[in-house]
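For reference, the structure is listed below as structure tokens.
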Amino acid sequence: MSEAVPRIAQIPNLVDLFPDKVQPDTRPGYQGYLVGREHLLEVVQRLRDEYGYDYLSSVTGVDYLPEGKMEVVYHLYKTLGGPALVLKVQMPREDPRVPSLVPLYRGAEFQEREAWDLLGIRFEGHPDLRRILMWEGFAGFPLRKDWREPYFEEEAKPFKSRWPEGFVFRAEDRNPFGDNVQYPPGFDPETWTPPDDEAIYRVLKRASEEDDLHADTLVVNLGPQHPSTHGVFRMVVSLSEETILDLKPVMGYLHRNHEKIGERNTFLQNMPFTDRLDYLCSMSNNFGYALAVEKLMGVKPPERAEYIRVMMAELTRFLNHIFAIGFLLNDLGAYFTPALYAIEERELILDIFEAVSGSRMMCNYFRFGGVARDVSPDILEKVRRLVYDRLPRKVDEMDEFLTRNEIVRERCEGVGVLTAEQAIANSASGPVLRASGVPYDVRRAEPYSIYDRLEFDVAVRYHGDIYDRYLIRLDEMRQSLRILQQVVRDIPEGPIMTGKPQYQVRVPPGEAYGRVEGPKGELGFYVVSNGKPNPWRYHVRAPSFINLTSLVDMARGAKVADVVAILGSIDIVLGEVDR
Amino acid sequence: MDAGLFWEWVIKSLIIVLMLTAGFAYATLYERRVIARIQVRIGPNRAGPFGLLQPVADGIKLIFKEELTPAGADKVLFFLAPIITVLPSLVITAVVPWGDTVVIGGRVIRLYLTDINVGILYILAVASISVYGIVLAGWASNNKYALLGGLRSTAQMISYELALGLSFVGPILLAGSLSLMDIINAQKHLWFVVLQPAAFLLYFLASLAEVNRAPFDMPEAEQELTAGYHAEYSGMKFALFFMAEYIKMIAVAMIGASLFLGGFMGPFVDRFPWLGPVYLFLKVAVWLFVMIWLRATLPRIRYDRLMQLGWKVMFPLGLLNAVVTAFVVVLVGG
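Chains Y and R are the protein sequences, given in the same order.
In terms of numbering that gives the first Met the number 0, the first sequence opens at residue 0 and continues consecutively.
In terms of numbering that gives the first Met the number 0, the second sequence opens at residue 0 and continues consecutively.
Here it is, written out as structure tokens:
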């Protein structure tokens, strides 16, 4: 090691660093290192403090039933950029315990709770290890491979009952009036009251007893039915007058166990299923999933397909951001006018999606090794007119109407501040991270597709308040238009698909983590294949979900009116949060 | 008192109440259509020509809706609150004249219900009552959002009543009377908005806060408090709150027009007294348009900033305006 290269710029070889604690993962198709669970905290702490792996992107578990093992997979990144460092901890299925990483990375909080909820892995030292997506009385851990739903038919689709003979019946029909829920033994739904509400209320911070005023603390549930939570999301808030003392997010009302269904589906069947995650940005979701599976398959889409993909992803980013700004203003109390102006532009982009994919929102447009249909010249012409003429004008219009509005500034500036350190520790991503002064963008940090050839700047703002999160979306819209202008200028002719389109793709065994810079942040798909037509593990690192970790930091000390705007400035979609 | 006078009063009162309730219905339509145009939409245009029957459809829907009373609510207060809110807004315009005198069938009829010599005082007193309805609604619902909304509106309305009252002082000093008729007559040649721009501004802002309109619609802030004090109300009780809000909008527009924009005064009103109500109607329509325009354009101000604005800017400004006006009146009019 030469003196010139500082440690933080090195990619460490963990086997040299921790000879007896770490070994490389040598399974075919796998990468990274296996760490003994007793050494995990020590290894990760050194990696974070000395080698700059300060960003914990993803924590998830895999149930390797045939081997009788559970595995927790960590994806660590440097906010300076570069590839992932993958760490794995293996443990016997009977004793799934690992030390929690929450003391090192607060961003692990929700993901570890999710892994506990769905896989039953116990994270020791986690401050608040409760179920997060399932309800408290739920029996079992649904993502374990030996867990079966009440109407279990078969391990994997396509189910024999529906295909290929075409004779369709549903398992529900065999037991028409039966329960579709399994209860744990001794559980009576009639008499049960949820214990988790009390648990939430108890951990909330209240007004201190020493306070001279002896002010009473008011606990208010904002949601799940609330006009400003953008869906069925619930914030339990303790208030002193109108000031927020503490806040606990409660989610899972829209939970449908996306990952379990994804593991039943074939690889291709998951493509339309990813549309349903963040239903505003189905193209970006497709992109991330396609990248992950393509990594496993080792295919690369042809040049034209790459351009089309980037075009769709950037159009998606534009429509998401303009929508987010419109609805942020709605949360600030502007009666729908900015939102409707935003929707007008969004409709124009949706027209293009409809023209290429046949659907406005659930596009299902990407395929492994390409895209589903070609973009015709007149659609391209439409895009050209949009990105050179109409959309830049509309961004400027938004800017002019909103940016210097006195009430907007007064409501947004200095409110809901998230510092850069907090943002990194909380694994915030996307506009939330960049508005806090961290210029981290997957498109530049670990370029995928053709982003390394395109000219654009990573937008960054430094105050970390609502106003900057609003401004950064404007900046990113302008950068997206810049990318789009290059794409429509340079798009080559050629095929749009590597190989033949096929219903059943062959995916060799192995694991892959594909991540894209989605409009809401880093969208990652962790896919494990065992060579069968269905993924063995299909995990989504949902940016909306993990960005919510920062909500508490932003909201403490703010007013009730602010928390609504703060939530709007994070820009969540519940389809993705709850999965 | 002859019987004719009695019937005249009854008929005029009925006309006022009917005009106000019809005005409420069409103010909602007016608002929806104007906001729709601002928001590049069309707005309701299905029920009747140009959507003119939309308020009727809305009314029928609300009448037939189920009325829910929360189990934990204080039943009596819950029932009374909408009534307490709506009554003051119906009676407040009794002292606002809509014209001078006309002659119908040889009988001289004054185009106003009454002209008491403390009309302004009456307006202030009655306006203050409606806050009871709102705070009681918030309290009686036994709902935290409603309670927060009720508390907010109490604080807001009490704070802004001061600024509102002080904005009245200018016109009163200039006209030398508390009667609205005298104030309007004093504006025969020059509207008070020219002489009292600060008071006009104060009145406009304070009245927005007083009737809970954007950007001061804190008590019912939909985004934070779901609906504020009327979160638990449904059916006709809910409609009564809305009725109160819209009638109050019309009322503050009428009062504001009378205080600052010359009321029913306008060209040729001396010769054709029937033009008076028309002028007043036009002024109210423009005033309402501005209120609707603001709602469609501006985000909401945060509650604590609203109180700051009320106490630290508008209240001192109102005091200053009153003092300066008094000085000038004494020096000039001496």
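Ideal Cβ positions, reconstructed from N, Cα and C, are used throughout, including at glycine.
For F237/R and V134/R, the rounded distance between their alpha carbons: 15 Å
Residues of the segment 141-157 of chain R with Cβ closer than 7 Å to any Cβ of chain Y, in chain order: K143
Beta-carbon proximity list for R359/Y, same chain, < 7 Å, skipping 5 on both sides: L349, F352, E353
Spatial distance of V167/Y from F158/Y (CA atoms): 10 Å
Cα-Cα separation between V218/Y and G325/Y, rounded to whole angstroms: 30 Å
Local conformation of M133/Y per DSSP, three classes: coil
Chain Y residues whose Cβ lies nearer than 7 Å to that of T296/R: T336
S1/Y classed as buried or exposed, judged by whether at least 16 other C-beta atoms fall within 10 angstroms: Because S1/Y sits at a pLDDT of 46, beneath the cut-off of 50, its placement in the model cannot be relied upon, and the following sentence gives the value as read from the coordinates. Under this definition S1/Y is an exposed residue.
Proximity below 7 Å, CB of K156/Y to CB of N319/Y: no
Contacting positions in the segment 310-334 of chain Y - beta carbon closer than 8 Å to chain R: L328, N329, D330, L331, G332, A333, Y334
Residue burial classification, F267/R (beta-carbon count within 10 angstroms, cutoff 16): exposed
CB contact below 7 Å: I335/R versus chain Y: Residue 335/R is absent from the model: chain R starts at 0 and stops at 333.
Environment of L172/R [buried if 16+ CB atoms lie within 10 Å]: buried
Cross-chain neighbours of A33/R in chain Y, by beta carbon under 7 Å: Here residue 33/R is Val; the residue named in the question, Ala, does not match the sequence. By Cβ distance, chain Y contributes nothing, its closest Cβ being about 12 Å from V33/R, past 7 Å.
Counterpart residues of S237/Y in DSSP-defined beta bridges: V218/Y, D245/Y
Beta-bridge pairing of S528/Y - partner residues as DSSP gives them: G509/Y
Where S1/Y sits in the DSSP three-state scheme: For S1/Y, the pLDDT reaches just 46, beneath the cut-off of 50, and the residue's location in the model is therefore unreliable, leaving the point undetermined.
Residue nearest to P272/R in terms of C-alpha spacing, selected from P43/R, V33/R, P96/R, S12/R: P96/R
Sequence-distant residues of its chain with Cβ nearer than 7 Å to P391/Y (five each side left out): L480
From F137/Y, E189/Y, I449/Y, G35/Y, residue whose alpha carbon lies closest to that of E183/Y: In the sequence under discussion, the amino acid at residue 183/Y is Pro, which differs from the Glu named in the question. Here the closest residue by C-alpha is F137/Y.
Short-range partners of chain R found in the segment 386-405 of chain Y, where Cβ spacing is below 8 Å: N404
Contact with chain R by V527/Y, beta-carbon distance below 7 Å: no
Contact set for L55/Y: own chain, Cβ-Cβ below 7 Å, skip 5 residues either direction: Y73, L75, L100, Y104, G106, A107, S426
Own chain, CB closer than 8 Å to A114/Y, minus 5 neighbours either side, in chain order: V58, T59, G60, V71, I120, F122
Buried or exposed by the 16-neighbour rule on C-beta atoms within 10 Å, applied to N142/R: buried
Where the beta strand (DSSP E) containing I41/R begins and where it ends: I41/R -> no beta strand (DSSP E), and no H or E assigned at all.
Beta-carbon proximity of A72/R to A124/R, cut-off 7 Å: no
Members of the segment 545-570 of chain Y that neighbour chain R once the beta carbon cut-off is set at 9 Å: K558, V559, A560, D561, V562, V563, A564, G567
Residues, ordered as in the chain, of the segment 33-66 of chain R that lie near chain Y by beta-carbon distance below 9 Å: I34, I37, Q38, V39, R40
Segment contact flag, the segment 285-293 of chain R with the segment 206-218 of chain R, C-beta cutoff 8 Å, min 3 pairs: yes
Touch test, the segment 355-369 of chain Y against the segment 416-425 of chain Y, Cβ-Cβ under 8 Å, three pairs minimum: no
Per-residue burial, W535/Y [other beta carbons within 10 Å of its own, 16 or more giving buried]: buried
Straight-line gap, V327/R to A434/Y (C-alpha atoms, nearest Å): 54 Å
Proximity below 7 Å, CB of Y144/R to CB of A205/R: no
Within 7 Å, strictly: CB atoms of T78/Y and P300/Y: no
Cβ of V506/Y within 7 Å of any chain R Cβ: no
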